[in-house]
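Each protein sequence line maps, in turn, to chains A, B and C. One point on numbering: in the numbering used here, the residue at position 300 of the first sequence is 300, and numbering is uninterrupted. One point on numbering: in the numbering used here, the residue at position 33 of the second sequence is 1033, and numbering is uninterrupted. One point on numbering: in the numbering used here, the residue at position 224 of the third sequence is 2224, and numbering is uninterrupted. Since the structure comes first, as structure tokens, the remarks are kept for the end.
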Amino acid sequence: MSLLDVRDLSVVFQRRGERPFTAVDKVSFSVEPGQTVGLVGESGCGKSVTSLAIMGLLPQRGNKVTGEVLFEGANLLELRPDDMRDRRGRDIGMIFQDPLSSLNPVIPIGVQVAEVLERHQGMDRRKALREARQLLDAVGIPDPERRLKEYPHQISGGMRQRALIAIALACKPRLLIADEPTTALDVTIQAQILTLLKQLVDETGTALIMITHDLGVVAGLCDTVNVLYGGKVVERAARHELFARPRHPYTHGLLNSVPRLDSVRGERLHAIRGSVADNIPWTEGCAFAPRCNYVVDACLEGAPPLEPTATGGDLRCNNPVPVEVTVP
Amino acid sequence: MSDPITRPGVAAPRDGADQPGTDERRPGMSERGIGLLGERKKARLEELARASADKGGVSLVRDAIRRLRRNPVAIVGASIVALFVLMAIFAPLLAPHDPAQRFDELTKNLTVDNIPGASSEFPLGSDPLGRDFFSRMIYGARQTLFVGVVATLIGLSLGVLIGAISGAFGGWVDNIMMRFTDVMLALPALLLAISLVAMASRSSQWTVIFAVAIVNVPIFARLLRGSMLAQRESDHVLAARALGVKQRNIVLRHMLPNAMTAVIVQATLTLSTAILEAASLSFLGLGDPDINRAEWGLMLGVDGQRYFEVRPELAYYPALAIIVVALGFTLLGEAMREAIDPKNRR
Amino acid sequence: MLRVIVRRLLQLAVTLIALSALIFVWLRNLPGGPIEALLGERATPERRALLVKALGYDQPILVQYAKFMQRVLTGDFGNSIRTGDPVAEVIGRAFPATIELALVAMIIAIGLGVPLGYLAARHHGRLLDNLSIAGTLLGISIPIFFLGYLLKDVFTQNIHWFPPSGRLSTGVDNTEVTGFFVLDGLLTREFDATADALWHLILPALTLATIPLAVIVRITRASVLDVLNEDYVRTAEAKGLRHRVIRGRHILRNALLPVVTIIGLQTGALLSGAVLTEKVYNWGGLGTLITDSISGGRDYPVLQALILLAALVFVVVNLLVDLSYAFIDPRVRVR
């Protein structure tokens, strides 16, 4: 049994007087215990909404979530709100993009780590703070004793993200969801945080869903990668397969737009034309069609199906990038 | 909302495969990337893309007005204000009697503890001096609007003058002006108004208007100054300066007009407080002493208070009128503020 | 931090000195000034000249102002023209009544306003929210003296729940210690006096609380709505924390920061409102004193002291609020 099995998950936002907007469109994927799975795509592709839906953190009103989110066999979408509350922070931890705004500005770091231990492990404040000190130490925060009493604005961005990781992993969850955990950080700090995450995941055996727009992050971390576009999975493959032979033109474009160490000097990077604003609805055809270099007529005949590939992945494309066309 | 462009796929026929790719450019090499498709396909794709894209490029004010027209709160507020203004303009046509005339039919029944009520000729009965209360209520719209508008305009003009000088020059001019507004803001509004009325040896309609106006000067001044200071550093003012536009023209043509939207919103809200403050002054015996003047605040604050036990309607009607009108200006002002707030722009 | 306090205190002093100078100049130069107020309009030139000399009005204005400030700083504001009593004494008698009323009104406004604003935000866009918005709009649109009369009419004439006016019932004995009747009753163990004083306080305090209540509900609602969108609330939810903890520790602690500022600014509305409320309920406080000092012939010494006192209270309360920020918000503390 998979640790997490997302089946046909859809999220439709419906605000009064407006057309409903499908942010996540029948997304399915699974995560095995200890595995690291990437959800990759541009902003607006539905990757963050997917993670919030798994966590049950979408606003109570204004949206409709359908499908199944099976965590160790239990459908999280059908849990009572209080039961879901018991699981959040204990079974599933989450790290967010902006470490400064994700920490409460008027509460000391120590309390913010301790409160999750008090909640799920029944510790009292003193015991929880002692444990928090060790957690801060474990995520590489120097002088943890002092940091316990400090406020988020007093520590650096990298340290804040480390503190958030400590919070998310405090109760040793079986699944950790990291939503763009390095985007708001300096490049040098990004690498440190990724190394830390990899190390912690390896040590604790926690499964990880890594949500990012940055293929560089995926390359170093993920076992399997799901590429999302316009709310749908367009390609799924094992990491090395995806990087060696991207089949979907979108994936191909993403890889082409990343600078590489082994590229020829002076060679230009290829950006993907247009933006998500150029999407067409999936009911009309492939959402990526207006930006696609490989578009064919069939691409405007409704959404192509997600079909298994020879290499064990899945692909949603009428005219995939030929296997011999490799990344320049 | 029912713009056909926003509903893709309705107008264009589905003509998929009958238009084979005639362009010989190979995929991956084309600049515009629609190489395999015919012209009709191209047009259709562009149409679809346009439909799903954000509609940009609508100017700020037009955008705000569009949002206002869709907001029921704004519509209710504007309707109340419109009714109120119409009533003020057409008071002579609407009122059955002269508001200052005392009628014998009414005065003969008038005693200390009895004020005649409604009759067929006098729909709301008499006021304490035997005048037609209904006509006075209608004429009251005119005087109340006058007090509110004039007080607001004076307050706005002086405030804008101070704020504009402060915001345009900055430095020590700004410093002195702002210390001055600090002093005014150090006194709670009504107390400042009371002190100002007390300055005059005897009160009149103009002392009330002037007192209410002055109370609002520092508010307008601070608002305009803040908004102009924010713009001094903004891109379009820097650009104008870089192009060598004269300081005076930058202030008059660029900074002031942009800052004025906030001021106009504040003025709408001030109309409501001005009417309430004028009523309060009347209630404290510091209002207009002219017994012939029909103004709601005066009617509520003087007669309404004095004869509350005898005939509470003398208080109810002007109070209701004031509440509704104050509510109207507040609703309109709040809706305007919401409409120009970039936070609410979509 | 110390530098901020010193700078704010200096600013406050400058503001108050400027205000006192303005009042001083106004007092001496306007028609119907103190000479007329003391002697009446038809006084002979000889008597005027005598009084001008006696009051020192023939000296240079700066000298006069210096003397005036010297007396003010020792608490000497001269004597009331109306009663002849020292101004400080007249004001001292009325001061506790107004402060007691204002404090109770503020307790009502905060005690009802914060929970209501919070609930409205949590029910954003639904019935309770719309009702509370409608209520606050009505609250700021109704002339509060009219509301006072309405409440008085309903609760003292139709149903006799509350007394119509005054601070104590006749026949209730109380021993004045501080002038705050509720407190006095407690201090002297005359609990019936405390109960009676509270009973008299309810309607006036409710009336006076109207505007601050409406404003506090609105600000709390807006502020909670902002905080609900903050990432740290999402983090708290992701931790699976209990509702109670999220509400208290994560939402309200942050949302109340702007509310604290507004509470300071509402001191102004309370002082203004007190003038109106006190007249409705015949409450012998500063508000009544102001009205009497104007309508019964201008009692300038009393007026000028009252205006300075009001400004002092308002400015000091706001300074205290700003300083208290440093203790609530750690981000301000280090700066």
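Just so you know, even glycine gets a beta-carbon here, dropped at the ideal spot from N, CA and C.
Residue-level contact by beta carbon fails for Gly1077 of chain B and chain C, as no gap is shorter than 7 Å. Between Ala2105 of chain C and Ala2209 of chain C, the C-beta gap is smaller than 7 Å, which places the two residues in contact. Remark: C-beta atoms of Pro2143 of chain C and Ala1279 of chain B approach each other more closely than 7 Å.
Scanning chain A for C-beta atoms nearer than 7 Å to the C-beta of Gly2075 of chain C yields nothing, as the closest lies near 41 Å away. Met210 of chain A sits in a strand when the DSSP states are folded into three classes. The C-beta separation of Gly1328 of chain B from Phe1084 of chain B comes to about 6 Å, placing the pair in contact by the 8 Å criterion.
Contact between Phe1103 of chain B and Gly1130 of chain B holds: CB atoms are separated by about 6 Å, below the 8 Å threshold. Boundaries of the beta strand (DSSP E) harbouring Lys232 of chain A: Lys232 to Ala238, taken from the DSSP string. When CB distances to chain C are screened at a threshold of 7 Å, the residues of the stretch 1167 to 1194 of chain B falling below it are Arg1179, Asp1182, Val1183, Ala1186, Leu1187, Pro1188, Ala1189, Leu1190, Leu1191 and Ile1194, in chain order. Scanning its chain for C-beta atoms nearer than 6 Å, with the 5 sequence neighbours on each side dropped, one finds around Met1228 of chain B the residues Gly1167, Met1255 and Ala1259, in chain order. Per DSSP, reduced to three states, the secondary structure at Ala53 of chain A is helical. An exposed status is given to Arg80 of chain A, since fewer than 16 other beta-carbon atoms sit within 10 Å of its beta-carbon.
Among the residues facing chain C, Gly89 of chain A is included, as its CB has a counterpart in that chain under 7 Å away.
One thing to note: Leu1300 of chain B has its Cβ no nearer than 7 Å to the Cβ of Pro1289 of chain B.
Residues of chain A whose Cβ lies closer than 7 Å to the Cβ of Arg2249 of chain C are, in chain order, Ile107.
A straight line joining the alpha-carbon of Val40 of chain A with that of Lys149 of chain A spans about 37 Å.
Inter-residue distance for Leu2019 of chain C and Gln2304 of chain C is about 10 Å (C-alpha atoms, whole angstroms). Look at Ala1198 of chain B: its C-beta is under 7 Å from a C-beta on chain C.
By the criterion of a C-beta distance shorter than 6 Å, Arg2218 of chain C is surrounded in its chain by Thr2136, once the five residues flanking it on both sides are discounted. Between Pro2045 of chain C and chain B, the shortest Cβ-Cβ separation is not below 7 Å.
With contact defined as three or more Cβ pairs closer than 8 Å, the stretch 238 to 246 of chain A and the stretch 49 to 63 of chain A are not in contact. Annotation for Ile1165 of chain B: Val1173 and Met1177 place their beta carbon closer than 7 Å to its own, counting only its chain and skipping 5 residues before and after.
Against chain C, the CB of Ala1326 of chain B has a partner CB under 7 Å away; the residue lies at that interface. Residues Tyr2065 of the same chain have their beta carbon placed closer than 8 Å to that of Ala2021 of chain C, with the five preceding and five following residues left out of the count.
In terms of Cβ geometry, Ile177 of chain A and Met94 of chain A form a close pair [threshold 7 Å].
For Met123 of chain A, the three-state secondary structure derived from DSSP is coil. Sequence-distant partners of Gly230 of chain A (beyond 5 residues in either direction) whose C-beta falls short of 8 Å from its own C-beta, in its chain, are Asp25, Cys45, Gly46, Val276, Asn279, Trp282, Ala287 and Phe288. Straight-line measurement puts the Cα of Asp1341 of chain B at about 41 Å from the Cα of Ser1203 of chain B.
Within the same chain, Cβ atoms closer than 6 Å to the Cβ of Leu1185 of chain B are found at Pro1218, the five residues on either side in sequence being excluded. Where Thr2267 of chain C is concerned, the enclosing alpha helix (DSSP H) starts and stops at Arg2253 to Val2280. Within chain C, the residues Glu2230, Tyr2232, Val2233, Thr2235, Ala2236, Arg2249, His2250, Arg2253 and Asn2254 have their CB atoms less than 9 Å from the CB of Asn104 of chain A, given in chain order. Of the residues C:Thr2267, C:Leu2306, C:Leu2131 and C:Pro2204, the one whose Cα lies closest to the Cα of Ile1194 of chain B is C:Leu2306. At a cut-off of 3 residues, not a single continuous stretch assigned as beta strand (DSSP E) sits fully inside the stretch 2061 to 2131 of chain C.
Taking the beta carbon of Pro2330 of chain C as reference, the chain A residues within 7 Å of it are Val106 and Tyr151, listed in sequence order. Take Val2114 of chain C, set aside five residues on each side of it, and the residues of its chain with a beta-carbon closer than 6 Å to its own are Thr2220, in chain order. Between Tyr2281 of chain C and Gly2148 of chain C, the beta carbon gap of about 7 Å places them in contact (Cβ cut-off 8 Å).
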